[in-house]
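Visitor: Provided herewith is a single structure, encoded as structure tokens, for subsequent inquiry.
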Ligand SMILES: Nc1ncnc2c1ncn2[C@@H]1O[C@H](COP(=O)(O)OP(=O)(O)OP(=O)(O)O)[C@@H](O)[C@H]1O
Ligand SMILES: Nc1ncnc2c1ncn2[C@@H]1O[C@H](COP(=O)(O)OP(=O)(O)OP(=O)(O)O)[C@@H](O)[C@H]1O
Ligand code: MOO
Ligand SMILES: [Mg+2]
Ligand SMILES: [Mg+2]
């Protein structure tokens, strides 16, 4: 019986690599469903056959736990996202443009739906730029759309996930990795669903996540690990 | 015998109402006659079950097709219907249209498909689609289709209106034979008095939705003959008494007189109906021997009507009652008066049966 | 004068080809005559611009409607077209259909809308939609619509086929007057010889897509008169010489003879065309004085044809060439032979103009 | 660029779904459209509108409501469980139900229009030629509505292939089972695998073009006469 | 539960968009459908299919491609900039363009079918009654295709109201400008604000039902005769 994972879209790439390693190692088949976290919650409420839910935030696993769908003591942060301000034009100085509000559109994820969005709003609040920029915001439903707004040049700059820029050559002008003190950590939590709590495959996968190889994959994709953040603080 | 008993009262959209309570004969051809808009099509549609009518009664050959609310569905009524417009299926070729009928033909002996196609002259058109046919060609295919369903009543709504005279002359006798031999009744809507008098055994005359007259064609012939007052005619029932192949004539006995008419292959004893147009009857005081007019019948003047364009003379002739239309000048010249004895002359070639 | 010059060679779907190179007169009524499928409708469609034809020529009243590839669009051709099927706009009421035409009428003096509606007897139907009209009613609305566009040519494709005799008798003279007074040419397709001979000044006879004969009706009358070999007729051009209101007769001069016919309000000097059915002509050796037959004309036997149903006699009469159809028995009785002198008798009431 | 096995699975699943859904849609819509075209009842208007109504909600939201209905606590779910079918969401047949609901108007409407245009006469003629209601339908209405059926099938098929909001919601994006090409392309785009997305999109376009064109030519090749009721 | 001002703004914007898009769709589709119904050219088939083709891609993906095309580096974007219109994404008119592209087939197809069903005869009659091509179109084709136009308008309107994949992608969810009800409902569902979502969905359904039914009754009220070319 395959292991069914529901994974927030932004974590697709690292999870794919992790699953590959896991399957090779254990022979256990894994099926990954990608999607928006909110959708997974609705689906889990209505009998979706998932075993573990890797959310894009902390609120949703908690809500599932409270609604009685999550197994107690299985909520745990599996990765921490990093926010970046980015422009597709290599000649743009993103920090300067943000300060002067001299752009047409600023892309960010919808703060109601995506933690990257609320993080971006916090950054703007910290920098006192909300009023100056709000009329120029364009919001993506998720961080992927936000990235596309910027990448297609329709928004001159935007708050994207650092993980989205991994492997793409950048310079110091058009990319600003936002200091973590400007926004609350974007902790992405997972939860095991109650009906799957006893499955050996679930346990095996959670164990595997603790190993070095998957942890390396996560950091390589631009995420931090909870322990490392703690260390950094 | 497929007698048709009808009783309906059918209002159509406010201003028109068709009221018919009648019995139509179960064999032969019944002509339905009436002005444009008098309800002929509506009557045929009711009989076919296409025009619903609350509370009507329709009994065909003893079988109730409708009685009050119980109504036999149209496809369970054994009718062949030639619509006033040809109404071929546009998605089928002429052949497809015919096959549609022959595949579903009612059981029983039926005329040969090949014969029907030949008679109607549509053999070369079979692969064409309706939009590739001329008006008359479409109508002929529609007639063939209605015959091929092998119905027990034929409903024909001006089937020959789109056809040329020659074609009509070919099809008319065929329909006549069909009605006589297969013994299915035929309701035949037409505007043509000559078609009517030639074909119909019995007639139903509609006027503004009401039955104006009905009965055997000889019974209604006076009304029918006067239905177009300017072109009156008389109908004489007759029986063939002799056949003269040499002269290509037959001699028929009508009332007390013998009349000659063209031989169209009639056998002795056959009953025929002669239509004598009033304008074809001339009058003479003496009986002329040196003219080409074969039929010279002693007669007595019964009545004289003055019309806008001449005199209409009602005659008691030895051949039966006859109308003669003559000019006022001739009437004066002959000093015509009621009771006068004279001779009615009828060209045999002007006689049709 | 809206003379119509035509030159077309139009293949239709493989098996049919219409070839006409001809000139049609620019005034009066031209009858288009021919069997079902002979190409009448196709010809009308070509003239109206609805049937394209490569490389054809069509010149109407000097204006080129088509010359080779240059082709005037249908809506720029001043035609009124009564289609073989009524073809009313289904989304418009009868009134809407009429208004569609009258709103777009071509400039020029035109008959009064009120008069047209009254003549066609459609005043009470104006608010109905086409599907609420009977077949004849639809056709009448279509005729009115074609008249209301006030065209300079009228194309009529069997416009009266769906109408009853009485209605026809009302409309025919109107169309005649129209063609004569407004002086627009009319191409009139019909299967009815009597309609044709009554209406048409000139005739075009089509046969399998080719022109079989064409010309003034008297020129083609022999062919026309024999077009249905079983019902031949002759056409005599004549002129009114006297009017006798008392007798309701007029006297017309045809060739050397004077003939009487019913007075339909003709004035002296009016040119008329008499249609004499061969079956209405009887022969006698002597001239009878005591009969109601008014027209007794000296004649000489020109030729005798034997037919399946009698003898067809070609006469040289003082009234002009005449066909007489008599039985073989009469022929023997009268010892008929070529060159024989005798009298042709024609009932005046049988004459129509 | 060749497809990975997941893409292949998604393509196969999509074709299967689109074919099944189109078939079911035609089967459901035909009587519905026929009834709408024939009835004079006052509920004709409301029913027509109700058929089109799902369109005004975003597909994901429709999916959400379908999920509630078909879930273990929803009335449909209770019924399917009682009937021994089990639960529909997250199964192939769940996708079928969802797609059918959502694409229904695109199939009903063209059929309804085509059927209305047939008019009464051909049916009357068929009735006098002994064809019962069913026969009339199959021998007259169907052939005269060919264009309408073609349109209906094209719209139904294409819309099912492309639709993903409903499918994502009630399917759960499970590989081999409910992961369709549309979802797969969406995933590729979301995961920023653009070249993969382009490739799959182009394939879908070309493939659909060929399928639809073939369907179209096949229908148009036979004498197309529907609607042209008479020529003089 | 009353609406918050954001919801009200979204409702208003949605109606505006759906009306504008439906109007533009009808204006574009009418000549296109007419051409398709009249032409005998071989490209009729391919064009018909191409019109339906966008359907096979998921709306979000269409939106993605539109974003690229209309962006500063895309050909359309370069053109609009050169033409002084500026860039279309994240503007109301960008949504209009996107919705028009995506809903086109639902409007073209019913019109095409209705127009094909008119047949040649009424046009021929109108031509002999001195009506030029335009006049024929307006006085004969339009009234005879009323049902087709109704269907087209209903499908186009409903689909624009409900569509959100394309709109999500090129709209940017800007209040008063590109934040539509569909997006709003979607957000509520994603954010697990279910009661808010139910409320808004119900409103949209009821409202659309009323609008569509009114549209429907209005058209049906006038003598509906299209298609029934003759009765005996
Ligand atoms: N649906 C309808 N609503 C209103 N009136 C109608 C309807 N159908 C027919 N009529 C009217 O009923 C009358 C009878 O029509 P019907 O078709 O039976 O006439 P008909 O005798 O066949 O005439 P025709 O010889 O011209 O074909 C006509 O006056 C017609 O206008
Ligand atoms: N589209 C077509 N394809 C093939 N043949 C056609 C087409 N249209 C007409 N025809 C044929 O052309 C011939 C002439 O047709 P047309 O309609 O002109 O005849 P018509 O003289 O008007 O006959 P009718 O008196 O029966 O109306 C017919 O034999 C018809 O079958
Ligand atoms: O990771 Mo998300 O929930 O698609 O923004
Ligand atoms: Mg009738
Ligand atoms: Mg014709």
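Chains as they are written, first to last, in my numbering: chain A, 1 to 233; chain B, 1001 to 1353; chain C, 2001 to 2353; chain D, 3001 to 3232; chain E, 4001 to 4232.
Note that beta-carbon positions come from the ideal geometry of N, C-alpha and C, so glycine has one too.
Every value quoted in this text rests on a predicted model; they were computed, and no experiment measured them.
With a threshold of 8 Å, are at least 3 pairs of Cβ atoms found where one atom belongs to the region 1002-1016 of chain B and the other to the region 85-98 of chain A?
Guide: Not touching, per the Cβ criterion.
Visitor: Find the residues of chain C that neighbour residue 4084 of chain E, judging by a C-beta separation of less than 7 Å, and give them in chain order.
Guide: The premise fails here: residue 4084 of chain E is roughly 40 Å from chain C at the closest Cβ pair, so nothing lies under 7 Å.
Visitor: Report yes or no: is there a C-beta of chain E within less than 8 Å of the C-beta of residue 113 of chain A?
Guide: Yes, because at least one Cβ of chain E sits closer than 8 Å to the Cβ of residue 113 of chain A.
Visitor: So what's residue 2295 of chain C in DSSP terms, helix, strand or just coil?
Guide: Residue 2295 of chain C: strand per DSSP, three-state reduction.
Visitor: What's the gap between the Cα of residue 1235 of chain B and the Cα of residue 1194 of chain B?
Guide: Taking the straight line joining both Cα atoms gives about 11 Å.
Visitor: Taking a cut of 9 Å between CB atoms, which residues from the region 1040-1071 of chain B lie near chain D?
Guide: Hits within the stretch, in order: 1045, 1048, 1049, 1050.
Visitor: Are the C-beta of residue 1334 of chain B and some C-beta of chain C separated by less than 8 Å?
Guide: Closer than 8 Å to some Cβ of chain C, the Cβ of residue 1334 of chain B qualifies, so yes.
Visitor: For a cutoff of 8 Å on Cβ pairs, would you count residue 3227 of chain D as touching chain A?
Guide: Its pLDDT being 34, under 50, residue 3227 of chain D is placed unreliably by the model, and nothing is read from it.
Visitor: Give the single residue among A:32, A:56, A:51 whose Cα lies nearest to the Cα of residue 186 of chain A.
Guide: Nearest option by C-alpha distance: A:56.
Visitor: My guess is that residue 61 of chain A and residue 218 of chain A are in contact by the Cβ rule of under 8 Å, so how many angstroms apart are they, rounded?
Guide: Between residue 218 of chain A and residue 61 of chain A the Cβ distance is about 17 Å, and since that is not below 8 Å, they are no contact.
Visitor: For residue 2317 of chain C and residue 1328 of chain B, what's the separation of their Cα atoms in angstroms?
Guide: When rounded, the distance between both Cα atoms is 25 Å.
Visitor: If we ignore side chains and look at the alpha-carbon of each, how far apart do residue 1241 of chain B and residue 1268 of chain B end up?
Guide: Spanning the two alpha carbons is a distance of roughly 5 Å.
Visitor: Cβ closer than 7 Å: which chain D residues qualify as neighbours of residue 1087 of chain B?
Guide: Within chain D, the residues near residue 1087 of chain B are 3121, 3125.
Visitor: Applying a beta-carbon distance threshold of less than 9 Å, which residues of chain B neighbour residue 3144 of chain D?
Guide: 1089, 1090, 1091, listed in chain order.
Visitor: I'd like to know whether the C-beta of residue 97 of chain A is nearer than 8 Å to at least one C-beta of chain E.
Guide: For residue 97 of chain A, the answer is no, since every Cβ of chain E falls outside 8 Å of its Cβ.
Visitor: Closest to residue 107 of chain A by CA distance: which of A:188, A:146, A:204, A:220 is it?
Guide: Checking every option, the nearest Cα to that of residue 107 of chain A belongs to A:146.
Visitor: With a threshold of 7 Å on Cβ separation, who are the neighbours of residue 2105 of chain C within its own chain once the five nearest residues in sequence on each side are excluded?
Guide: Taken in chain order, the residues that qualify are 2148, 2149, 2150.
Visitor: Applying the criterion that 16 or more other CB atoms from any shown protein chain within 10 Å of the CB defines a buried residue, is residue 1181 of chain B buried or exposed?
Guide: So residue 1181 of chain B counts as exposed.
Visitor: Short of 7 Å Cβ to Cβ, which residues in the region 4165-4195 of chain E face chain A?
Guide: Of all residues in the region 4165-4195 of chain E, 4168, 4169, 4172, 4173, 4174, 4187, 4189, 4190, 4191, 4192 have a Cβ within less than 7 Å of some Cβ in chain A.
Visitor: Alpha carbons only, please: which of B:1319, B:1190, B:1207 is nearest the one belonging to residue 1256 of chain B?
Guide: Cα-wise, what sits closest to residue 1256 of chain B is B:1319.
Visitor: What number of angstroms, rounded off, separates the C-alpha of residue 3177 of chain D from the C-alpha of residue 33 of chain A?
Guide: Looking at the two C-alpha atoms, the distance is approximately 11 Å.
Visitor: Give me the subset of the region 2150-2175 of chain C whose CB atoms are less than 9 Å from a CB atom of chain B, sorted by chain position.
Guide: If the cut-off is 9 Å between Cβ atoms, the region 2150-2175 of chain C has 2157, 2158, 2161, 2162, 2163, 2164, 2165, 2166, 2167, 2168, 2169 near chain B.
Visitor: Classify residue 4040 of chain E: buried if its beta carbon has 16 or more other beta carbons within 10 angstroms, exposed otherwise.
Guide: Counting Cβ neighbours within 10 Å, residue 4040 of chain E comes out exposed, since fewer than 16 surround it.
Visitor: Answer with buried or exposed for residue 4055 of chain E, where buried requires no fewer than 16 other C-beta atoms within 10 angstroms of its C-beta.
Guide: Buried, by the Cβ-count rule.
Visitor: Ligand 6 heavy atoms versus the CB of residue 1337 of chain B: any closer than 7 Å?
Guide: As far as ligands go, the structure on display features ligand 1, ligand 2, ligand 3, ligand 4 and ligand 5 and does not contain ligand 6.
Visitor: Starting from residue 3022 of chain D, follow the alpha helix (DSSP H) in both directions and report where the run begins and ends.
Guide: Here the alpha helix (DSSP H) through residue 3022 of chain D covers 3005-3038.
Visitor: Does residue 2085 of chain C come out as helix, strand or coil in the three-state DSSP assignment?
Guide: Residue 2085 of chain C: coil per DSSP, three-state reduction.
Visitor: Could you give the distance in angstroms between the alpha-carbon of residue 2183 of chain C and the alpha-carbon of residue 4027 of chain E?
Guide: About 46 Å.
Visitor: Cβ closer than 9 Å: which chain C residues qualify as neighbours of residue 4132 of chain E?
Guide: Residues of chain C passing the Cβ test: 2073, 2075, 2076.
Visitor: Using a cut-off of 9 Å between C-beta atoms, extract the partners of residue 4075 of chain E located in chain D.
Guide: Chain D residues near residue 4075 of chain E: none, gap ~16 Å exceeds 9 Å.
Visitor: Per DSSP, what kind of secondary structure is residue 1326 of chain B in: helix, strand or coil?
Guide: Strand at residue 1326 of chain B.
Visitor: Tell me, please, whether the CB atom of residue 3231 of chain D is closer than 8 Å to any CB atom in chain E?
Guide: Low confidence applies here, because residue 3231 of chain D scores a pLDDT of 37, under 50, leaving its location unreliable and the question unanswered by this model.
Visitor: Mind checking if residue 258 of chain A is an interface residue toward chain E, Cβ cutoff 8 Å exclusive?
Guide: Given that chain A is displayed from residue 1 to residue 233, the structure contains no residue 258 of chain A and the question cannot be resolved.
Visitor: Is residue 2036 of chain C near ligand 2, with its Cβ less than 7 Å from a heavy atom?
Guide: Checking every heavy atom of ligand 2 against the Cβ of residue 2036 of chain C, one is found closer than 7 Å.
Visitor: Less than 8 Å between the C-beta atoms of residue 1136 of chain B and residue 2037 of chain C, yes or no?
Guide: In this structure, residue 2037 of chain C lies closer than 8 Å to residue 1136 of chain B by Cβ.
Visitor: Taking only three categories from DSSP, how would you classify residue 1364 of chain B?
Guide: Outside the modelled stretch of chain B, which goes from 1001 to 1353, sits residue 1364 of chain B, for which no answer is possible.
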